[in-house]
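With the sequence shown counted from 1, adding 30 to any position gets you the working numbering. Heads up, the beta-carbon is just placed ideally off N, CA and C, and yes, glycines get one too. What you are looking at is a predicted structure, and each value in this text was computed from that prediction instead of being measured.
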Amino acid sequence: MKEISILGSGFSSLSAACYLAKRGYGVTVYEKNATPGGRARQLSQEGFKFDMGPTWYWMPDVFERFFADFDKLPSDYYALIKLNPAYQVYFGKDDTVKIEDSLEKIMKSFERIEKGSSLELYKFMKMAQENYDIAIKNLVYRPGVSPLELITSQTIQKLDQFASTISREVRRRFTNRKLIQILEFPVLFLGAKPSQTPAFYSFMNQADFGLGTFHPVNGMYSVVEAMVKLAESFGVRFVYNAAVTAIHVKSDMATSITVNGEDVKTEIVLSGADYHHTETLLQPNYRMYSEDYWNRKIFAPSSLLFYVGFDKKIENVCHHTLFFDVDFDIHAESIYDKPNWPEEPLFYASFPSKTDESFAPKGQEAAVFLIPLAPGIADSEKIRSVYFEKILSRFEHLTNQKVKNHVLFKSSFCVNDFVSEYNSYKGNAYGLANTLFQTAFLRPKLKSKKVKNLYFTGQLTVPGPGVPPALISGKLVSELIQKHHNITIESN
Ligand SMILES: Cc1cc2nc3c(=O)[nH]c(=O)nc-3n(C[C@H](O)[C@H](O)[C@H](O)COP(=O)(O)OP(=O)(O)OC[C@H]3O[C@@H](n4cnc5c(N)ncnc54)[C@H](O)[C@@H]3O)c2cc1C
31 MKEISILGSG FSSLSAACYL AKRGYGVTVY EKNATPGGRA RQLSQEGFKF
81 DMGPTWYWMP DVFERFFADF DKLPSDYYAL IKLNPAYQVY FGKDDTVKIE
131 DSLEKIMKSF ERIEKGSSLE LYKFMKMAQE NYDIAIKNLV YRPGVSPLEL
181 ITSQTIQKLD QFASTISREV RRRFTNRKLI QILEFPVLFL GAKPSQTPAF
231 YSFMNQADFG LGTFHPVNGM YSVVEAMVKL AESFGVRFVY NAAVTAIHVK
281 SDMATSITVN GEDVKTEIVL SGADYHHTET LLQPNYRMYS EDYWNRKIFA
331 PSSLLFYVGF DKKIENVCHH TLFFDVDFDI HAESIYDKPN WPEEPLFYAS
381 FPSKTDESFA PKGQEAAVFL IPLAPGIADS EKIRSVYFEK ILSRFEHLTN
431 QKVKNHVLFK SSFCVNDFVS EYNSYKGNAY GLANTLFQTA FLRPKLKSKK
481 VKNLYFTGQL TVPGPGVPPA LISGKLVSEL IQKHHNITIE SN
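Here it is in structure tokens:
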């Protein structure tokens with residue numbers, strides 16, 4: 031049996047662990063933290079719980095495809111609730127739009143806001159659906175080894191959409207500011223500005239309006255638990271509180287890793303920890319990418335998060351609520367162009383206890399507030415408090431209620447925590463942005479070119495940020511490992 035050591039237990043590592051163990055590798059996962067899931071860990075406090083990272087369960091077909099590879103269904107492990115409304119967007123006081131759970135209903139809402147927009151939305155969504163079928167059902171399952179992977183008879187017909195951007199495409203069709211912002215929102219998950227994201231990536235709009243937003247009962251963490259259970263059923267061993275501090279290489283082969291001060295022999299190393307961090311565990315001559323390379327890349331934002339327990343139910347909000355009442359371009363500039371704390375931030379709030387009673391004691395509410403920020407900016411308790419006050423004041427004003435005196439407790443998480451908890455480069459929250467020049471074969475590679483048995487997976491490599499891509503990344507890297515380190519292949 032070939033022994034493989036996996037760094038980290040985020041979604042990409044968990045996915046790879048399942049595939050590799052099923053194919054007969056001896057897999058051990060070393061996770062520096064006390065629990066699995068990486069950025070998707072769960073926090074429990076005073077009878078409340080919080081998904082610390084991902085809260086939007088999008089692209090259910092990708093999860094189904096993952097579990098189907100093991101002859102399972104997501105429902106063998108967790109139940110899904112389709113949210114209706116999927117989410118709500120505040121554009122000002124008493125100025126809010128709810129996005130419902132079907133395209134038909136959303137078209138009606140659009141028509142009420144801008145005459146003629148429902149037909150335009152229908153056409154836009156037809157394109158988005160086609161792109162989803164090309165990209166998410168096919169292209170993202172390619173390993174990013176060669177540019178030829180992207181050239182298919184279908185993508186050739188879409189070249190104009192690679193040359194244009196989501197921003198341009200949306201503005202060409204709609205004039206109302208609210209509709210434009212709603213349609214630009216989904217690509218924010220890819221980590222870059224809509225004005226820098228190719229129009230082809232409208233497949234994210236299909237994920238949003240076409241497929242809908244789901245909540246796994248007990249939260250995103252139930253997906254982590256499901257994958258750990260699946261991995262264990264194939265014999266994967268999990269070692270927690272186990273930070274890997276070095277990868278040792280002899281004659282271009284990784285021979286051992288240092289875990290909590292002890293050397294552990296291994297035949298293959300796969301890292302699902304942040305790519306940049308993993309390379310720092312190697313001697314400099316075995317690293318593929320320089321500091322300058324990382325510095326030049328466009329990273330997805332970091333975030334300031336607050337996990338808050340309220341002693342009452344919160345009114346006038348949905349499970350997912352976006353606060354787009356300030357200028358998006360000014361906030362985006364502070365993330366991407368002139369890294370700084372935004373004067374007036376957009377923010378997102380999630381109230382999972384609106385849907386799922388397990389998140390908060392009866393009559394109370396669990397809330398997560400998130401402000402996207404430039405990676406690497408100075409972070410301190412003081413500045414976090416300033417922003418908590420700032421967004422709660424706006425929240426009270428916009429949603430017409432007093433909440434500040436109802437905060438039972440709050441925990442925060444920001445740039446410094448992303449670095450200390452996950453070894454994240456500059457404290458990025460969700461990896462390397464998916465811009466045109468950071469897509470597929472242009473992303474950091476799954477296989478090291480300098481160390482023959484070293485591999486990478488996760489949101490800094492192929493295909494990119496987000497939970498569904500992390501599942502796919504684990505599958506892709508496990509296929510590469512299998513290709514290069516011959517072992518009997520079971521067909522999926
Ligand atoms: C706040 C936030 C909100 C998000 N919202 C969404 C959402 O709603 N929907 C969505 O689809 N996606 C969302 N994402 C993105 C998604 O969560 C990530 O893309 C995905 O979880 C990344 O998985 P990963 O396996 O690449 O990395 P990670 O989850 O970061 O896993 C890496 C693991 O490696 C461990 N590690 C690091 N260094 C070492 C070491 N030296 N030794 C051992 N272990 C180590 C870390 O502790 C961590 O557990 C969000 C992310 C964040 C942070």
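Are the beta-carbon atoms belonging to residue i and residue j less than 8 Å from one another?
i, j, result
"I196", "Y231", "yes"
"S415", "L335", "no"
"G221", "A470", "no"
"V92", "P493", "no"
"N483", "V299", "yes"
"T58", "R267", "yes"
"L110", "F244", "yes"
"Q489", "P474", "no"
"Y162", "G242", "no"
"P331", "A229", "no"
"V127", "I212", "yes"
"I129", "I136", "yes"
"I359", "L438", "Looking at the sequence itself, residue 359 is Asp, so the reference to Ile does not match. In this structure, L438 does not lie closer than 8 Å to D359 by Cβ."
"R202", "I210", "no"
"K32", "G56", "yes"
"N235", "M155", "yes"
Given this structure, state the Cα-to-Cα distance separating residue i from residue j, to the nearest angstrom.
i, j, result
"L352", "Y305", "31 Å"
"E411", "K440", "12 Å"
"S148", "A158", "15 Å"
"D293", "D282", "18 Å"
"V289", "A64", "14 Å"
"T205", "L103", "42 Å"
"A379", "L400", "6 Å"
"I502", "E345", "38 Å"
"G265", "N435", "49 Å"
"F41", "L403", "23 Å"
"V481", "L466", "28 Å"
"L428", "V258", "41 Å"
"E520", "S45", "The predicted position of E520 is uncertain, since its pLDDT is 44 and thus under 50; a value taken from the coordinates is nonetheless stated next. Rounded to the nearest angstrom, the two C-alpha atoms are 16 Å apart."
"K384", "V247", "12 Å"
"K432", "Y417", "17 Å"
"E395", "K420", "20 Å"
"I511", "Y485", "8 Å"
"K123", "K505", "45 Å"
"E509", "R207", "44 Å"
"Q184", "F215", "26 Å"
"C48", "L311", "25 Å"
"S423", "E262", "46 Å"
"Q187", "E94", "29 Å"
"Y455", "E141", "43 Å"
"N522", "V507", "Low confidence applies here, because N522 scores a pLDDT of 38, under 50, leaving its location unreliable; read the following figure in that light. Taking the straight line joining both Cα atoms gives about 15 Å."
Closer than 7 Å: is that where the CB of residue i sits relative to any heavy atom of ligand 1?
i, result
"L312", "no"
"N453", "yes"
"A303", "yes"
"T243", "no"
"A222", "no"
"A273", "yes"
"Y460", "yes"
"A70", "yes"
"H307", "yes"
"W88", "yes"
"E61", "yes"
"P495", "yes"
"Q489", "yes"
"A237", "no"
"A500", "yes"
"L73", "no"
Which partner residues of residue i appear in the DSSP bridge assignment?
i, result
"I34", "V57 and I298"
"H349", "Its beta-bridge partners do not exist; DSSP assigns none."
"L334", "I401"
"M283", "K280"
"V437", "F340"
* Asked: Considering only residues of the stretch 80–168, which uninterrupted alpha helix (DSSP H) runs meet the minimum length of 4 residues and lie entirely inside it, listed in chain order?
  -> 90–98, 133–143 and 147–165
* To do: Quick one: which unbroken beta strand (DSSP E) runs of 3-plus residues sit fully inside the stretch 246–281? Chain order, please.
  => 267–269 and 274–280
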